[in-house]
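Below you'll find the structure, written out as structure tokens, and then a few comments.
Protein chains in written order, with our numbering: chain A, 3 to 300; chain B, 3 to 300.
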């Protein structure tokens with residue numbers, strides 16, 4: 003199968019359609035990069051773009067997008083509810099098929115270096131591309147936001163990985179990184195008691211002593227009058243979907259509550275579900291190369 | 003996702019490499035048709051070719067292959083252990099992605115019509131493309147083989163669907179059809195008693211009153227000293243892999259035998275395994291369009 007990488011840049015404009023379209027157009031122009039989706043939020047004043055394709059094409063598309071955003075967005079007059087520090091706020095690279103995390107880190111470094119050198123924007127490498135443990139956490143990197151960065155950037159520990167050690171007034175600063183794909187996965191319970199869903203979520207998630215790569219909360223599905231354990235699996239290769247599912251079932255048993263179903267929200271990597279089939283069917287020695295569609299795509 | 007169809011022509015030459023290569027070369031020449039695999043069996047004196055790609059390209063490749071086989075193979079002097087009736091013996095079209103069985107039937111009709119008109123070969127449509135219930139079964143169509151067809155073809159019930167109602171002496175006759183992909187799936191047992199594996203296979207397979215689209219036998223894995231239920235799932239969309247697996251487990255229980263693993267042999271359609279993940283995770287409302295790789299390939 004061809005190498006496929008995903009990139010999900012977030013830029014700080016969610017209201018002006020002309021500006022949004024001009025920035026997104028930069029992605030459409032790059033051959034081999036596919037614009038899978040983009041959605042803008044007016045109160046966040048922010049747009050999330052999903053690009054997939056070959057590493058080189060996606061890298062080019064991400065840089066061109068950031069360049070156009072730096073031209074068209076003025077952070078000194080930006081307001082919006084979502085935390086942000088730059089015109090292009092974050093650029094994560096995500097391995098999808100036949101691409102390693104190390105390659106995604108390289109892509110992040112390449113885009114970060116070019117943004118620093120060519121666009122004069124301070125760049126912080128984050129998550130799997132981070133150069134210090136602190137920078138591993140995007141929330142830590144972004145703390146203080148655009149307004150606070152004029153001071154923060156002067157601290158030795160917050161010297162940018164690329165670009166100038168002074169703030170870019172118009173374009174702000176950007177976090178460029180690499181991470182595994184998220185899987186949004188929910189398990190539905192045969193109860194209308196949200197407290198039970200919350201209690202289960204607490205036992206299953208990392209914070210409560212549960213599975214390492216699971217975040218989770220209890221929520222109420224009003225229209226069906228049932229409670230749900232709503233999870234984000236932040237590393238499905240380490241903590242698999244079936245582990246999350248079985249842990250929820252196990253915890254639900256203490257309340258005598260049945261699991262009545264589950265939901266995968268949005269896009270998921272094929273392997274995250276194939277892994278579950280392998281587990282339950284006790285399949286020995288399976289290779290993803292046995293997937294007919296994968297062979298065809300090669 | 004792009005439409006993908008698979009075609010697995012079998013032609014009656016498995017010994018002469020020059021001839022085999024010349025015939026297979028016809029597939030390589032067609033743009034948009036991918037030669038996934040070909041393997042020859044000397045005792046069968048037969049070669050099985052696997053082609054995938056877009057419907058038009060695969061249809062062209064299959065016809066060109068049949069044309070070249072008719073040129074280079076002389077059935078009047080052919081011998082081999084495998085039942086056969088023509089230079090190109092069978093041409094099944096198999097829907098893989100975003101293609102319906104009805105479209106595959108159309109491809110079979112198109113290739114069959116051209117083989118009749120342009121190559122003067124009697125053609126029988128079989129399996130899902132069959133025009134009579136009898137022709138649904140390939141073994142029925144092929145009964146009598148090449149040698150017997152000189153008489154068989156004269157019977158009203160065996161009038162070909164396309165081409166002349168007299169045998170083509172050099173190229174023989176060909177069965178062209180449409181069918182779902184096979185999944186070869188084995189379940190390993192914690193026993194070295196092959197009789198138990200055979201007894202389980204009998205209860206699970208269609209012939210013994212089991213699942214409609216399962217064929218199965220017991221076999222011995224000598225190198226591991228364990229017995230195995232070896233199955234062919236001839237319609238994984240109707241009889242799913244997990245159904246076959248759970249039925250084997252259920253039957254194994256009566257002997258107090260555990261299931262220690264399972265194997266998927268060769269290529270499988272992605273959906274056959276995703277269906278299993280959906281079942282075990284009790285996923286509600288999943289769509290194959292949520293598979294990231296599928297969206298990327300679109």
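Glycine included, every Cβ here is placed at the ideal spot set by N, Cα and C.
Bridge partners - residue i, DSSP secondary structure assignment
| i | result |
| --- | --- |
| residue 52 of chain A | A:39 |
| residue 230 of chain A | A:190 and A:221 |
| residue 263 of chain B | B:190 |
| residue 94 of chain A | A:179 |
| residue 270 of chain A | B:293 |
| residue 6 of chain A | A:99 |
| residue 185 of chain A | A:235 |
Rounded straight-line distance, which links the Cα of residue j to that of residue i
| i | j | result |
| --- | --- | --- |
| residue 111 of chain B | residue 166 of chain B | 15 Å |
| residue 195 of chain A | residue 224 of chain A | 11 Å |
| residue 298 of chain B | residue 54 of chain A | 7 Å |
| residue 109 of chain B | residue 12 of chain B | 17 Å |
| residue 94 of chain B | residue 217 of chain B | 19 Å |
| residue 69 of chain A | residue 117 of chain A | 8 Å |
| residue 61 of chain A | residue 71 of chain A | 15 Å |
| residue 120 of chain A | residue 207 of chain A | 42 Å |
| residue 296 of chain B | residue 141 of chain A | 32 Å |
| residue 277 of chain A | residue 99 of chain B | 21 Å |
| residue 139 of chain A | residue 178 of chain A | 12 Å |
| residue 107 of chain A | residue 87 of chain B | 58 Å |
| residue 189 of chain A | residue 24 of chain B | 56 Å |
| residue 289 of chain B | residue 292 of chain A | 21 Å |
| residue 183 of chain A | residue 96 of chain A | 6 Å |
| residue 126 of chain B | residue 187 of chain B | 30 Å |
| residue 213 of chain A | residue 228 of chain B | 36 Å |
| residue 91 of chain B | residue 284 of chain B | 43 Å |
| residue 136 of chain A | residue 104 of chain A | 19 Å |
| residue 246 of chain A | residue 209 of chain A | 14 Å |
| residue 101 of chain A | residue 193 of chain A | 42 Å |
| residue 49 of chain B | residue 162 of chain B | 24 Å |
| residue 149 of chain B | residue 205 of chain B | 38 Å |
| residue 113 of chain A | residue 143 of chain A | 18 Å |
| residue 287 of chain A | residue 266 of chain B | 9 Å |
Local conformation of residue i per DSSP, three classes
| i | result |
| --- | --- |
| residue 217 of chain A | strand |
| residue 61 of chain A | helix |
| residue 238 of chain A | coil |
| residue 11 of chain A | coil |
| residue 99 of chain B | strand |
| residue 128 of chain B | strand |
| residue 162 of chain A | coil |
| residue 174 of chain A | strand |
| residue 305 of chain B | No answer is possible for residue 305 of chain B: it lies beyond the span of chain B, which begins at 3 and ends at 300. |
| residue 155 of chain B | coil |
| residue 88 of chain A | strand |
| residue 285 of chain B | strand |
| residue 32 of chain B | coil |
| residue 75 of chain A | coil |
| residue 195 of chain A | coil |
| residue 257 of chain A | coil |
| residue 167 of chain A | coil |
| residue 18 of chain A | coil |
Cβ shell of residue i (< 8 Å), same chain only, five flanking positions each side left out
| i | result |
| --- | --- |
| residue 78 of chain A | 171 and 172 |
| residue 47 of chain A | 14, 15, 16, 17, 80, 81, 82, 83 and 84 |
| residue 294 of chain B | none |
| residue 36 of chain B | 53, 54 and 55 |
| residue 58 of chain B | 34 |
| residue 282 of chain A | 244 |
Cβ shell of residue i (< 6 Å), same chain only, five flanking positions each side left out
| i | result |
| --- | --- |
| residue 185 of chain A | 235, 238, 270 and 274 |
| residue 221 of chain B | 230 and 232 |
| residue 38 of chain A | 52 and 54 |
| residue 152 of chain B | 169 |
| residue 10 of chain A | 52 and 94 |
Cβ neighbours of residue i in the same chain (closer than 7 Å, five flanking residues each side left out)
| i | result |
| --- | --- |
| residue 154 of chain B | 146 and 160 |
| residue 74 of chain A | 21, 24 and 25 |
| residue 122 of chain B | 165, 166 and 170 |
*Should the region 248-258 of chain A be regarded as contacting the region 248-262 of chain B, the criterion being three or more beta carbon pairs within less than 8 Å?*
no
*Say whether the region 42-57 of chain B touches the region 83-99 of chain B, bearing in mind that this needs 3 or more beta-carbon pairs closer than 8 Å, one atom from each stretch.*
yes
_Three-pair Cβ contact test at 8 Å for the region 121-140 of chain A versus the region 22-40 of chain A_ = no
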